[in-house]
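*Asks:* Numbering (my numbering), first residue to last: 136 to 339.
We treat Cβ as the ideally placed atom computed from N, Cα and C, and that holds for glycine.
Quick caveat: nothing in here was measured; it's all calculated off a predicted structure.
Put into structure tokens, the structure is as follows:
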């Protein structure tokens, strides 16, 4: 008994014809037993039109455009992120550099003032003698300018200046350590707070 011949899938052939992507010969090749001539005759007879071709091309163009835009946006985003990171890193580096310079100037000024207090303390006898020589009382026997001078060179005045300078230096040292990224910690069992812990200390 002869093997029954497979019937053509005319529904699929019509869909491929209407799509307008494949030629008649390509459609016929995909469906053995049907020639391109037969497909053309049936298309003419049933009024098939390639009405999907334009829609398919439009969709294909949309997909290509979308893919291109996506790739472009991805590249632009990567470039933008890199630019933002570089710009902000440069700004932070600039600010930290400015902070370091400002702190260094403030520290130098504080040390200069400290040296002045030290000089006053070591030569206090001469300053006192100068106060006696400059003493010029008024009719009431008071020399207000000299009184102010005596307060400045007095131990209380020098102690007050020293306290303020110590507080200033303590604050400046903290800022300096922060600006240079130095770690503040307490070495276990040392009882010392605020002393930098070195790698050697951490290994102990």
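Where does residue 302 fall in DSSP's three states?
*Replies:* Helix at residue 302.
*Asks:* Given a threshold of 16 other Cβ atoms within 10 Å of its Cβ, counted over all protein chains shown, does residue 151 qualify as buried or as exposed?
*Replies:* So residue 151 counts as buried.
*Asks:* Within 8 angstroms, do at least three Cβ pairs link the region 186–200 to the region 222–233?
*Replies:* Too few Cβ pairs lie closer than 8 angstroms, so no.
*Asks:* Whole angstroms are fine: how far does the CA of residue 309 sit from the CA of residue 327?
*Replies:* Here residue 327 scores only 41 on pLDDT, less than 50, and its place in the model should not be relied on; the value that follows carries that caveat. Between residue 327 and residue 309, the C-alpha separation is close to 15 angstroms.
*Asks:* DSSP on residue 322, reduced to helix/strand/coil?
*Replies:* Only weak support exists for where residue 322 lies, its pLDDT of 47 falling under 50; the value from the coordinates is given anyway. It is coil, neither helix nor strand.
*Asks:* Given a threshold of 16 other Cβ atoms within 10 Å of its Cβ, counted over all protein chains shown, does residue 148 qualify as buried or as exposed?
*Replies:* Looking at its Cβ environment, which holds 16 or more other Cβ atoms inside 10 Å, residue 148 is buried.
*Asks:* Quick one, which of 234, 143, 217 has its alpha-carbon nearest residue 163's?
*Replies:* The shortest Cα separation from residue 163 among 234, 143, 217 belongs to 143.
*Asks:* Please name the residue, chosen from 153, 230, 146, that lies closest to residue 183 on a Cα-to-Cα basis.
*Replies:* Cα-wise, what sits closest to residue 183 is 153.
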